[in-house]
Amino acid sequence: MNFVFLSPHFPSHYVNFADRLKKMGVNVLGIADAAYDSLTPQLKESLTEYYRVDNMENYDEVMRAVAYFIHKYGRVDRLESFNEYWLETDARLRTDFNIEGTKYPEVLESKRKYLMKNHFRKAGVPSARCHCVTTREEGEKFVREVGYPVFVKPDIGVGAYASYTIRNEEEFNRFYDNYPSVPYVMEEFVNGLIVTFDGITNYENEPIFMTSHIFPENVAETVNAGDDLRYYSVLKIDPVLEKAGRAVLASFNTTARFFHFEFFKLYEDKKGLGKKGDYVALEVNMRPPGGCMPELMDYEHDTDVYQMYADMIV
């Protein structure tokens, strides 16, 4: 079995994916722009071969690297980076080389915040009203519909980066006067606790592992202030959350991969969304949860999620 691993050196603990797959007899073929000598001994040991490109942002270079591996080792069975930043590149390569997994442009359904809403509706899970930011006039129209505060964030973005709460007309005008260079979405503000539904699916899009984490503080405000994020895991998933999470999962093509879904648990009744304690879909991520959360999952459940993934893939 041939497994192409994009950017296997980052983050550093993702070496565990390569290690577990290699021990299962998989040819793990790495592609990145880091110098080979900069790779850790464990990663070097876990890779069958490493192809260094000058620039991972140059798609033609990365495509030639995959073509080289196919010429040398035969058909590629899986291709992953496990990294939000490279998910579109992953999908384009799968499309160009007919590799199993999410293709392009299907990947945009789980990357663009605005398009995620279609899947939430399909799953029957409520989510905040939203509009793609265009003109100031359209923004004013949306605010008249939902009222202040509203929340703005990049249509494609990681975590709470460059995301803000707009509380009044002054802040609204400031946002449009300094409108960012990337597409943004504007949503009605939801006052709730962020709760995740995380896990791994098999080739039939069925979860073989599930867990949940809670972020007790406002994530956007924490990120914008440059503070440390705090979160904790829960051993038993709320059945209501699991039902909503499974419904969202079924609306996407998430076969044989990690997933990281975020929900609001309402602090108060919200017209059109639900009662206090209800779950409202926030966004989806088709990759492992960030930071050290995979390790937290290991400790929480006394397991090895990297090995669980490798067992499923093989």
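Note that this note's numbering has the sequence shown beginning at 19, numbered continuously upward.
Heads up, the beta-carbon is just placed ideally off N, CA and C, and yes, glycines get one too.
- Taking the C-beta atoms as reference points, residue 159 is found no nearer than 8 Å to residue 202.
- About 11 Å separates the CB atoms of residue 157 and residue 164; that is not less than 8 Å, and the two are not in contact.
- Within the region 150–200, complete alpha helix (DSSP H) segments of at least 4 residues are found at 154–164 and 187–195, given in chain order.
- If you keep only unbroken beta strand (DSSP E) runs of at least 3 residues inside the region 80–150, you get 96–98 and 148–150.
- DSSP links residue 255 through a beta bridge to no other residue.
- By the C-beta density criterion, residue 20 is buried, having at least 16 other C-beta atoms within 10 angstroms.
- Contact between the region 178–194 and the region 119–129 is absent: fewer than 3 CB-CB pairs across the two stretches fall below 8 Å.
- The alpha carbon of residue 218 has as its nearest neighbour, out of 42, 322, 55 and 75, the alpha carbon of 322.
- Around the beta carbon of residue 69, a 10 Å sphere encloses 16 or more other beta carbons of the protein chains shown; the residue is thus reported as buried.
- Between the beta-carbon of residue 81 and that of residue 111 there is about 7 Å, and that keeps the pair under the 8 Å contact cut.
- Straight across, the Cα-Cα distance linking residue 166 with residue 183 is about 9 Å.
- Under the DSSP assignment, residue 35 falls in the alpha helix (DSSP H) whose first and last residues are 33–41.
- Where residue 50 is concerned, the enclosing beta strand (DSSP E) starts and stops at 45–50.
- Residue 227 is bridged by DSSP to 218.
- By the Cβ neighbour-count rule, residue 290 is exposed, with fewer than 16 other Cβ atoms within 10 Å of its own.
- Fully contained in the region 252–320 are the following alpha helix (DSSP H) runs of length 4 or more, in chain order: 257–269 and 311–319.
- One alpha carbon belongs to residue 245, the other to residue 236, and they sit about 11 Å apart.
- In the DSSP assignment, residue 327 falls within the unbroken alpha helix (DSSP H) covering 323–331.
- Around residue 22, the same chain offers 47, 49, 84, 87, 94 and 97 as residues with beta carbons nearer than 7 Å, after the five sequence neighbours per side are excluded.
- DSSP places residue 235 in no beta strand (DSSP E); its state is neither H nor E.
- Taking C-alpha positions only, residue 131 is separated from residue 288 by approximately 21 Å.
- Put simply, of 143, 199 and 103 the residue whose alpha carbon is nearest the alpha carbon of residue 292 is 143.
- With a cutoff of 8 Å on beta-carbon distance, residue 56 and residue 104 are scored as not near each other.
- Taken through DSSP and simplified to helix, strand or coil, residue 247 comes out as coil.
- Leaving aside the five residues that flank residue 316 on each side, the residues in its chain whose CB is nearer than 7 Å to its CB run, in chain order, 322 and 323.
- For residue 61, the enclosing alpha helix (DSSP H) covers residues 59–64.
- Within the same chain, 112 come within 6 Å of residue 119 by CB-CB distance, once the 5 residues on both sides are set aside.
- With distances taken between CA atoms, residue 138 lies nearest to 261 out of 261, 326 and 327.
- When the five nearest sequence neighbours on each side are left out, the beta carbons in the same chain lying within less than 8 Å of the beta carbon of residue 38 are those of 322, 324, 325, 327 and 328, in order along the chain.
- Using a 10 angstroms sphere on the CB of residue 53, the tally of other CB atoms stays under 16, which defines it as exposed.
- In this structure, the alpha-carbon of residue 222 lies about 23 Å from that of residue 43.
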